[in-house]
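Engineer:
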Amino acid sequence: MMDKDSLSGRLESLDVLRGFDMFFIFLADPVPCIFWTFLAMFGWQDSWLGLQFEHIPGNGLRLYDCIFPLFLFISGVAFPFSYAKQRERGMTAWQSSKRVMARAITLFLLGSMLWTVIDGTLEKNILSMEWNTFRVWSVIGRIGLAWGGAALIYIYAGRKSRIAIAAAILLAMWAVMRFAVAPGAPEGVNPLIERQWSFACWLDVNYLTTARRPEGGLGTITMIANAMLGMFAGDILRRKGVSGGRKTVQLFAYAALLAACGLSMAFAFGDCSLPVNKPMWSSSFALVTAAISSALLAVFYWIVDVKGWRSWGFFFKVIGMNAITVYLLMRTVFNTPFALDYFFSGLYKVMPPLVADFFAQAGLIAIVWLFLLFLYRRNIFLRV
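Each step along the sequence shown adds one to the number in my numbering, with nothing skipped, and position 217 is 265.
#1: Excluding sequence positions up to five away, which residues of its chain have a Cβ less than 8 Å from the Cβ of W357?
#2: Could you check the C-alpha separation between M89 and Q409 for me, to the nearest Å?
#3: What does the Cβ neighbour count give for R66, buried or exposed, with the cut at 16 atoms within 10 Å?
#4: So what does V403 bridge to, in DSSP terms?
#5: Alpha carbon to alpha carbon, how far is F333 from V398? Give it in angstroms, no decimals.
#6: Can you check the segment 96-121 for any beta strand (DSSP E) of at least 3 residues that lies completely inside it and give the ranges in chain order?
#7: In three-state terms, what does DSSP make of S246?
#8: Please report the distance separating the alpha-carbon of A273 from that of G265.
#9: Could you spell out where the alpha helix (DSSP H) holding A88 opens and where it closes?
#10: Do you know whose CA, among K146, N254, V336, lies nearest L218's CA?
#11: Could you pull out every residue in the same chain whose Cβ sits closer than 7 Å to the Cβ of A198, ignoring the five residues on either side in sequence?
#12: Distance check for R135 and T169, CA to CA, integer angstroms please.
#13: So L62 packs on A126, CB below 8 Å; how close in whole Å?
#14: Three or more C-beta pairs under 8 Å: does that hold for the segment 308-318 against the segment 284-299?
#15: Between I73 and M378, is the Cβ-Cβ spacing less than 8 Å?
#16: Please classify W92 as buried or exposed, where buried requires at least 16 other C-beta atoms within 10 Å of its C-beta.
#17: Going by CA-CA distance only, name the one from S331, L420, L376, D405 that's closest to L87.
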């Protein structure tokens, strides 16, 4: 737990943006998705807008694909501030590193255990020691590893070295994802099209689990770059003697640079191009989503911290201050039809099914937000 006084040095816009990002978990994760239900009431569930709350299965980008990388980017933005405070308190690089590693390991283990509960394989994987189907990779776990790797690089590398390392990761993963194939793959196979022959798939199946998982081990390496790109944005915001307006412009310029690099990587190199692909977490995907994240950060920073227009963001701030709590609740307790039946079964007796679904899901969101407000008012913030 942590009281709000200890958080006074934080950028409020960062908490609001984090809450804004997590709010889309609210919209997408109750069973079924409230946004899809709303569209289905008008027959629009298969429209372009309806597809935005589903992950794209291949190349391209949808709104729902941006939630995870935005959260990772935000985690990166916050680290230069927290590390600077640790240095001010006299902590050594090794002491800060131990904190980073402890947090990364905790998040990784928490995420893996959470997936065994969601998948219903706790007894099979853990109690029976059948590790071959154990879900190694999870959202929380990958955030922990990617953020942890980026934080360690930030601690021990200088500014120019950090930039060089981030660029090296993106370029190396471009080459691996575009050209590296599994041992024994047919000659001339394209790993972008026949992903069962990709090196990432081979690595997962042979050394991690019996099934390929989204992003997997190689994708986690690219995610380190996402977190580092967020840290570079944090460095922009930490600059002294620079006005808030100028920092906002710099964040937009940074977003434009990242977008140009990502789109060039995706389209400008012919057969060597690497498409924007969330399932692979391609380097172009990392750059484009980081560009979107930087642009959003610029907007929120200018509105909340530069202009001081804060009252509108309180709803999101309450969510953002307890982001881990939100994720755990929406992935477990409230991600089941049982939750709808338990709290709102009466609605289905007096309303058409889709309408009842919509109001029941809205009710679940209200319950979770009020619980978060209860925690906020009592200065209770879950941190790992």
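Note that CB positions come from ideal geometry on N, CA and C, so glycine has one too.
The model shown is predicted, which means the values in this text are computed figures rather than measured ones.
Structural biologist: According to the structure data:
#1: Mapped onto the sequence shown, residue 357 falls at position 309. The residues are I351.
#2: Counting from one through the sequence shown, the residue named residue 89 turns up at place 41. Counting from one through the sequence shown, the residue named residue 409 turns up at place 361. Those two C-alpha atoms are separated by around 14 Å.
#3: If you number the sequence shown from 1, residue 66 lands on position 18. Buried, since its Cβ has 16 or more Cβ neighbours within 10 Å.
#4: Along the sequence shown, one-based indexing puts residue 403 at 355. None; V403 has no bridge partner.
#5: Counting from 1 along the sequence shown, the entry for residue 398 is found at position 350. Counting from 1 along the sequence shown, the entry for residue 333 is found at position 285. Rounded to the nearest angstrom, the two C-alpha atoms are 46 Å apart.
#6: none
#7: Here residue 246 refers to the residue found at position 198 of the sequence shown. S246: strand per DSSP, three-state reduction.
#8: For the purposes of this step, residue 273 is taken as the residue at position 225 of the sequence shown. For the purposes of this step, residue 265 is taken as the residue at position 217 of the sequence shown. Their backbone Cα atoms lie some 14 Å apart in a straight line.
#9: In the sequence shown, residue 88 corresponds to position 40, counting from 1. First-last of the alpha helix (DSSP H) with A88: 82-88.
#10: By 1-based counting over the sequence shown, the position of residue 218 is 170. With distances taken between Cα atoms, L218 lies closest to V336.
#11: By one-based count along the sequence shown, residue 198 stands at place 150. The residues are G124, I272, A275, M276, M279.
#12: Residue 169 sits at position 121 when you count from the first residue of the sequence shown. Residue 135 sits at position 87 when you count from the first residue of the sequence shown. Low confidence applies to T169: its pLDDT is 46, below 50, so where it sits in the model is not reliable enough to give any reading.
#13: As a first step, residue 62 is located in the sequence shown; it is residue number 14 there, counting from the start. As a first step, residue 126 is located in the sequence shown; it is residue number 78 there, counting from the start. Correct: roughly 6 Å between the Cβ atoms.
#14: no
#15: Taking the first residue of the sequence shown as position 1, residue 73 is located at position 25. Taking the first residue of the sequence shown as position 1, residue 378 is located at position 330. Yes.
#16: On the sequence shown, residue 92 is found 44 positions in, with the first residue counted as 1. Its Cβ having fewer than 16 others within 10 Å, W92 is exposed.
#17: For this step, residue 87 is matched to residue 39 along the sequence shown. Residue D405 is the option with its Cα nearest to L87.
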